[in-house]
Amino acid sequence: MCPAEGSSTTARIRRARIDDVAMLAQLEQRFPTDRLSRTSLRGLLRRGHASVRVCEQDNVLAGNAVVLYRRGSAIARLYSLVVHPDYLRRGIGRMLLAAAEAASVDHGCRELRLEVRPDNLPAIQLYRKAGYVVTDKIGKFYEDGTDALRMSKRLGPVTGAPAGRSRRQRPAPAAPGATA
8 MCPAEGSSTT ARIRRARIDD VAMLAQLEQR FPTDRLSRTS LRGLLRRGHA SVRVCEQDNV
68 LAGNAVVLYR RGSAIARLYS LVVHPDYLRR GIGRMLLAAA EAASVDHGCR ELRLEVRPDN
128 LPAIQLYRKA GYVVTDKIGK FYEDGTDALR MSKRLGPVTG APAGRSRRQR PAPAAPGATA
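For the sequence shown, the numbering used here gives the first residue as 8, with consecutive numbering after it.
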């Protein structure tokens, strides 16, 4: 399941598929609390209010990110970002976070928010390096009664369609008489 030390296999990010649910559920089971069930994962993949990205490396789902959207809102929520313990410190969390941000922008969002346990220092460091700031502390947020830090980041410029619709920018038309 785990690659040999020094493996050079490239990790790749892609959209999750229904046939990934079993492996995603196995990944969730590696964590003691606040796990997503198979039913929840299936629902997230089937509905339009979520984006699920996975990172594949060595034919293993090494991690995933789940982003939730609300109709009419320009704020997306990073609901879950999980990296398999055997794949930590390889940049996978950073790749998944970037993919979550890109999916949020594509969905028309201008901000990405998340909650993180105050004792999850590696995750907090990842988010801070990516430009997230702590905006709030939420008491007894997690199922075990642990508080959460809310973090937020303003995303790149988004113009055009109302929130919830794709806002990919088209290239500007060439000026009359311009040559390529």
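Glycine residues also receive a C-beta, built at the ideal position from the N, C-alpha and C atoms.
task: Check whether the Cβ of V112 lies closer than 8 Å to any Cβ atom in chain D.
output: Structure shown: chain D not included; a single protein chain is present.
field: For V73 and V61, believed in contact at Cβ under 8 Å, the rounded distance
entry: Going by Cβ atoms, the distance from V61 to V73 rounds to 10 Å, so no, they are not a contact pair.
- request: For my contact list, L75 and H56 are in at a C-beta cut-off of 8 Å; report their separation, rounded to the angstrom.
  value: 6 Å
Given S111 as reference, the closest of A32, R49, S159, T46 once Cα atoms are compared: S159
query: Thinking just about the alpha-carbon of each residue, which of R135, L133, I145, A23 is nearest to the one in A69?
result: A23
- prompt: By Cβ distance below 8 Å, which residues in the same chain neighbour A32 in space, the five residues on each side in sequence not counted?
  reply: L43, S44, R45, L48
task: Using alpha carbons as the reference points, say which of R124, G138, L133 lies closest to D154.
output: R124
message: Just to check my reading of the structure: E122 and V89 have Cβ atoms closer than 8 Å, yes? What is that Cβ distance to the nearest angstrom?
response: Contact doesn't hold; Cβ gap of about 14 Å is too wide.
query: Which partner residues does R120 have in the DSSP bridge list?
result: R84, S159
task: Could you tell me which of I25, D41, R37 sits nearest to G50, measuring between CA atoms?
output: I25
query: Out of R157, F148, D151, which has the shortest C-alpha to C-alpha gap to V140?
result: R157
Cβ-based burial, L103 [other Cβ within 10 Å; buried from 16]: buried
task: With DSSP collapsed to three states, give me the class of R53.
output: helix
query: If we ignore side chains and look at the alpha-carbon of each, how far apart do Q132 and H114 end up?
result: 26 Å
message: One question on the structure: do I145 and R120 come within less than 8 Å of each other, judged by their Cβ atoms?
response: no
query: When the Cα of R117 is compared with those of T142, R37, L162, K136, which residue comes out closest?
result: L162
field: Simplified DSSP state of A187, which is helix, strand or coil
entry: Any reading at A187 must be qualified, since the residue scores a pLDDT of 34, below 50, and its modelled position is unreliable; the value itself is stated next. If DSSP states are grouped into helix, strand and coil, A187 belongs with coil.
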